[in-house]
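J.:
Chains as they are written, first to last, in this note's numbering: chain X, 149 to 436; chain S, 1031 to 1634.
1) Checking contacts by CB at 9 Å: is residue 1080/S closer than that to chain X?
2) Label residue 1529/S either buried or exposed according to how many other C-beta atoms from any shown protein chain fall within 10 Å of its C-beta, with 16 as the threshold for buried.
3) Which residues in the same chain have their Cβ closer than 6 Å to the Cβ of residue 1325/S, if we skip the five residues on either side of it in sequence?
4) From what residue to what residue does the beta strand (DSSP E) around residue 1077/S run?
5) For residue 211/X, count neighbouring C-beta atoms within 10 Å of its own C-beta (all shown protein chains included) and say buried if the count is 16 or more, exposed if not.
6) Quick one: list the residues of chain S neighbouring residue 321/X, beta-carbon separation under 9 Å, in chain order.
7) Would you kindly work out how many angstroms separate the C-alpha atoms of residue 1557/S and residue 1565/S, rounded to a whole number?
8) By alpha-carbon positions, which one of 432/X, 419/X, 430/X and 383/X ends up nearest to residue 1152/S?
9) Using a C-beta to C-beta distance shorter than 7 Å, which residues of chain A count as neighbours of residue 1142/S?
10) Taking all protein chains shown into account, decide if residue 369/X is buried (16 or more other Cβ within 10 angstroms of its Cβ) or exposed.
11) Exposed or buried, residue 189/X, counting other C-beta atoms within 10 Å across all chains shown (16 or more means buried)?
12) Given a threshold of 16 other Cβ atoms within 10 Å of its Cβ, counted over all protein chains shown, does residue 1520/S qualify as buried or as exposed?
13) Alpha carbon to alpha carbon, how far is residue 1300/S from residue 1586/S?
14) Report yes or no: is there a C-beta of chain X within less than 9 Å of the C-beta of residue 1132/S?
15) According to DSSP, is residue 1409/S helix, strand or coil?
16) What residue range is occupied by the uninterrupted alpha helix (DSSP H) comprising residue 316/X?
17) Helix, strand or coil for residue 336/X per DSSP?
18) Is residue 255/X close to chain S? Criterion is C-beta to C-beta, closer than 9 Å.
19) Would you check whether the ligand FMN has a heavy atom nearer than 8 Å to the C-beta of residue 1276/S?
20) DSSP three-state call for residue 267/X: helix, strand or coil?
21) Using 8 Å as the threshold, is the region 345-352 of chain X in touch with the region 322-333 of chain X, meaning 3 or more CB pairs across them?
22) Hey, how far is the Cα of residue 179/X from the Cα of residue 1508/S?
23) Taking only runs of the beta strand (DSSP E) that begin and end inside the region 1514-1590 of chain S, which ones reach a length of at least 3 residues, in chain order?
24) Taking the CB atoms as reference points, tell me whether residue 1087/S and residue 1271/S lie closer together than 9 Å.
25) For a test of the three-state rule: what should DSSP assign to residue 1242/S, helix, strand or coil?
26) Using beta carbons (cut-off 9 Å, strictly below), is residue 1088/S in contact with chain X?
27) Tell me the DSSP bridge mates of residue 1403/S?
28) What separation, rounded to the nearest whole angstrom, lies between the Cα atoms of residue 1525/S and residue 1238/S?
29) Nearest-angstrom Cα distance between residue 1551/S and residue 1128/S?
30) Residue 1598/S by DSSP, collapsed to three states: which one?
31) First and last residue of the alpha helix (DSSP H) that includes residue 1426/S?
32) Could you name the residues of the region 217-237 of chain X whose beta carbon sits closer than 9 Å to any beta carbon of chain S, in the order they occur along the chain?
33) If you draw a straight line from the alpha carbon of residue 416/X to that of residue 1138/S, how long is it in whole angstroms?
34) Just to make sure I have the definition right: I need the residues of chain S whose C-beta is within less than 7 Å of the C-beta of residue 261/X. Which are they?
35) Establish whether the CB of residue 1331/S and some CB of chain X are separated by less than 9 Å.
So this is what it looks like as structure tokens:
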């Protein structure tokens, strides 16, 4: 294998991994911290992409549009938590069904607002040549963004007052309540934070994916697989699971076809769960 | 009782069948076309009613099995119907392929012991990943025989439902297809509803209500979940096959979120524990969306989403159960006030405790050098016990001494870090609780553990059935045990409506019904008054006539009255053994119980 081939290969592998990280992180935060399964996660991704689209069309710089989109989806998340999720804590099936209903509504609202057609924004930046290959610079941005988002999650949960309270409320909810942590507020913020992360994921997808109201479905399956395989460790679990599944997907896709890549991701995930039913991070002592 | 209800079910089924078929031939063509789809969807909803409502598995996989069934019908039909001149084989293939996929997926899910939350997520993820996978098969190289998978566009040229005929295949028109769907749907509904009351169905209901208890009674929970999952998969696959035959095509949209959502919406709207509800839900939701589709079709998903959220928030039990409850309240004559609850403890006038009817020999219980570490906590650090057969033995010790951990290791709720457990000469260290129960172990936990929404009779029946695998014998035993407990009059009531004291006795009755040779009781007198405590002593002595009884207990008065050999735990080890009077004379034992620190270190 030549050096340029190797670099190209590594870049495509890391891009797969980064993609899984950005589409799963928001889901992982909401599930890991609150135990809520958000079936509207795919639609939060989709909203992030559409908000970015609107920002760019309104003349905003594409990077600023992405940040604004993430924050806007975060606000949507706060509203959803107040209007819907807060009534359903502890009712697993009900939460899933209600967020599912929400996802149907969000898709249709976006169809009504933007139309059903696939839209897109031009991929920013260009390409760099490495030997015989040309690498998309945006893919490198995607890898950097995945790392950045992981760092943001780490810092928020370890360095902020809210983060400490959120972790406390996850580990010992009763004790957290007893020492005066307002679980309502913490849950609301966690849901908003997770939604914003999903929005950021969608925003990052906007230049490379077809922006279409049904786009959430294309990603949410893989996001769920990543979170399940990752287990309770929001950060470590998601990162390792994305690393593993992304590598499998990328390897098989490169050697055979992307059809088999996705199929093998599914198989590996299911077999892993037989061996590690609580996910990769299920047995680790330090859980974040 | 079961037979009479089965007959009435067959009656209702036959009635529905005649009505449905008569209606099928009478309605206009376009209506028949629409209704056939509803019946097919009803069948899909029914599969979810069974998996979720009856077996308690919240799975998003039904849409996946539906789609797989559709593809299996399409592929088999395209490849074979030219030769066989019928598509019934393809329909059978649809159900079988879906069942096989369900079995494979279910094996990984249930034998991996993933939690309920994960079952939902995994089945959802599998469905959505199938969507992605099947959508990327546009290339002509993806084909099975003559059937090209076709990517987003799906399979085209799927043959309609064809019956074999003397001169060539008999194609079914819209009305005949509707009649065929009705026949299949009624047949499946009747079969499932009979199955629900067969022993298998009862056990599955037990798994849904209380997995731990079912496993402690001696049922391999994983097997029953897998079996229910496969049955649900087969029914969904059958529905998928009919769907492909109805539409003459199948595409990856069946794996989409909207399709999967619809299944849950139908069942939720109709009611998750009503077989009829599946069809009512479909008729309501599909009727609503086709009405809306006429005027403002683009708003349909919004309305569906809103209906879903509204049902979750306002009508969590679904339409049919809520409506029946309402009807009952209006129609039923006001019930006479319930009889005052009688004292729960069996008194002298009641029959003797039913004796063990099986031929298993009483077994000794032995633990060798048991260690158990939870994270960094060493709960047990080398405890050894040897309890002879047909005896009573008490485990005592202050909180955190390790006696409950020891109990749970004996019961098999978790495996030891190190050490062995033997029952007679059999090494049971690595056996699961249900395997131990089948060897003759009977367990009562410290926390109440029974089936609150099953009747008292069913609770005891489930405990008895495991031993002989004979519904009639289990029924007789259940009646005998309930008579002994003085609960005959309340046999048909939900166990959850019994009083706290009755719960305790019900659980003891479940242990007795299981005809154990080794009995483990964790704090059997918790919350009992003195009178009941004394009765428990008698009961334990009666059990010990032909079984080995191990009791973990806090109540020193009870231990004194029971007057059995005592083993005292302290800091994860056996600290002292002997009769209760010997232990009471021991200064160190008193120190530990009274928390006098001066000599506590001696224990280490």
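Just so you know, even glycine gets a beta-carbon here, dropped at the ideal spot from N, CA and C.
T.: Taking the geometry as given:
1) Residue mapping note: residue 1080/S aligns to position 50 of the second chain, counting from 1. So, not an interface residue.
2) As a first step, residue 1529/S is located in the second chain; it is residue number 499 there, counting from the start. Under a 10 Å Cβ-count criterion, residue 1529/S is classified as exposed, with fewer than 16 other Cβ atoms of the shown protein chains found around its own Cβ.
3) Residue 1325/S sits at position 295 when you count from the first residue of the second chain. Low confidence applies here, because residue 1325/S scores a pLDDT of 49, under 50, leaving its location unreliable; read the following figure in that light. Taken in chain order, the list of residues that qualify is empty.
4) Mapped onto the second chain, residue 1077/S falls at position 47. Taken as a continuous stretch (DSSP letters only), residue 1077/S belongs to no beta strand (DSSP E), being part of the alpha helix (DSSP H) at 1059-1078.
5) One-based indexing of the first chain puts residue 211/X at position 63. It counts as exposed.
6) Within the first chain, the letter at position 173 stands for residue 321/X. The contacting residues do not exist; residue 321/X stays about 16 Å from chain S at best.
7) Within the second chain, numbered from 1, the residue matching residue 1557/S stands at position 527. Within the second chain, numbered from 1, the residue matching residue 1565/S stands at position 535. Straight through space, the alpha carbons of residue 1565/S and residue 1557/S are spaced by roughly 14 Å.
8) Reading the second chain from its first residue, position 122 is the one you call residue 1152/S. With distances taken between Cα atoms, residue 1152/S lies closest to 419/X.
9) Among the chains of the structure shown, chain A does not appear; the protein chains present are X and S.
10) Taking the first residue of the first chain as position 1, residue 369/X is located at position 221. Result: buried.
11) Sequence index remark: in the first chain, residue 189/X carries index 41 (1-based). It is buried - the Cβ of residue 189/X has at least 16 other Cβ atoms within 10 Å.
12) Here residue 1520/S refers to the residue found at position 490 of the second chain. When all chains shown are included, residue 1520/S counts as buried.
13) Within the second chain, the letter at position 270 stands for residue 1300/S. Within the second chain, the letter at position 556 stands for residue 1586/S. Cα to Cα, the separation comes out at about 54 Å.
14) On the second chain, position 102 is the one that residue 1132/S refers to. No, no contact with chain X.
15) What you label residue 1409/S is simply residue 379 of the second chain in a count that begins at 1. In the structure shown, residue 1409/S sits in a strand (DSSP, three-state: E or B).
16) Walking along the first chain from the start, residue 316/X turns up at place 168. Start and end: 309-319.
17) Taking the first chain and counting its residues from 1, one reaches residue 336/X at position 188. DSSP places residue 336/X within a helical segment (H, G or I) once states are collapsed to three.
18) Residue 255/X sits at position 107 when you count from the first residue of the first chain. Yes - at least one Cβ of chain S is within 9 Å of the one on residue 255/X.
19) What this structure holds is no ligand at all, so the ligand FMN is not there to describe.
20) The residue you call residue 267/X lines up with position 119 of the first chain. In the structure shown, residue 267/X sits in a strand (DSSP, three-state: E or B).
21) In short, these stretches do not touch, since the Cβ pair count stays below three.
22) Along the first chain, read from residue 1 onward, the residue named residue 179/X stands at position 31. Along the second chain, read from residue 1 onward, the residue named residue 1508/S stands at position 478. If you draw a straight line from the Cα of residue 179/X to the Cα of residue 1508/S, it comes to about 44 Å.
23) Runs of the beta strand (DSSP E) inside the region 1514-1590 of chain S: 1548-1552 and 1578-1582.
24) Numbered from its first residue, the second chain carries residue 1087/S at position 57. Numbered from its first residue, the second chain carries residue 1271/S at position 241. The criterion of a C-beta distance shorter than 9 Å is not satisfied by residue 1087/S and residue 1271/S.
25) In the second chain, the residue the question calls residue 1242/S occupies position 212. Judged by DSSP in its simplified three-state form, residue 1242/S adopts helix.
26) Numbered from 1 along the second chain, position 58 holds the residue referred to as residue 1088/S. Yes, residue 1088/S counts as interfacial toward chain X.
27) As a working note, residue 1403/S is residue 373 in the second chain. Bridge partners of residue 1403/S: 1408/S.
28) Mapped onto the second chain, residue 1525/S falls at position 495. Mapped onto the second chain, residue 1238/S falls at position 208. Taking the straight line joining both Cα atoms gives about 15 Å.
29) One-based indexing of the second chain puts residue 1551/S at position 521. One-based indexing of the second chain puts residue 1128/S at position 98. Using only the alpha carbons, I get a separation of about 44 Å.
30) Residue mapping note: residue 1598/S aligns to position 568 of the second chain, counting from 1. Of the three classes helix, strand and coil, the one that applies to residue 1598/S here is strand, per DSSP.
31) Your numbering for residue 1426/S matches position 396 in the second chain. DSSP places residue 1426/S outside any alpha helix (DSSP H); the residue lies instead in the beta strand (DSSP E), whose first and last residues are 1422-1426.
32) Against chain S - using a Cβ distance shorter than 9 Å - the residues of the region 217-237 of chain X are 232, 235 and 236.
33) Here the question's residue 416/X lines up with position 268 in the first chain. Here the question's residue 1138/S lines up with position 108 in the second chain. Answer to the nearest angstrom: the Cα atoms are 11 Å apart.
34) Along the first chain, read from residue 1 onward, the residue named residue 261/X stands at position 113. Per Cβ cutoff of 7 Å: no residues; residue 261/X is ~11 Å from chain S at best.
35) Taking the second chain and counting its residues from 1, one reaches residue 1331/S at position 301. Yes, because at least one Cβ of chain X sits closer than 9 Å to the Cβ of residue 1331/S.
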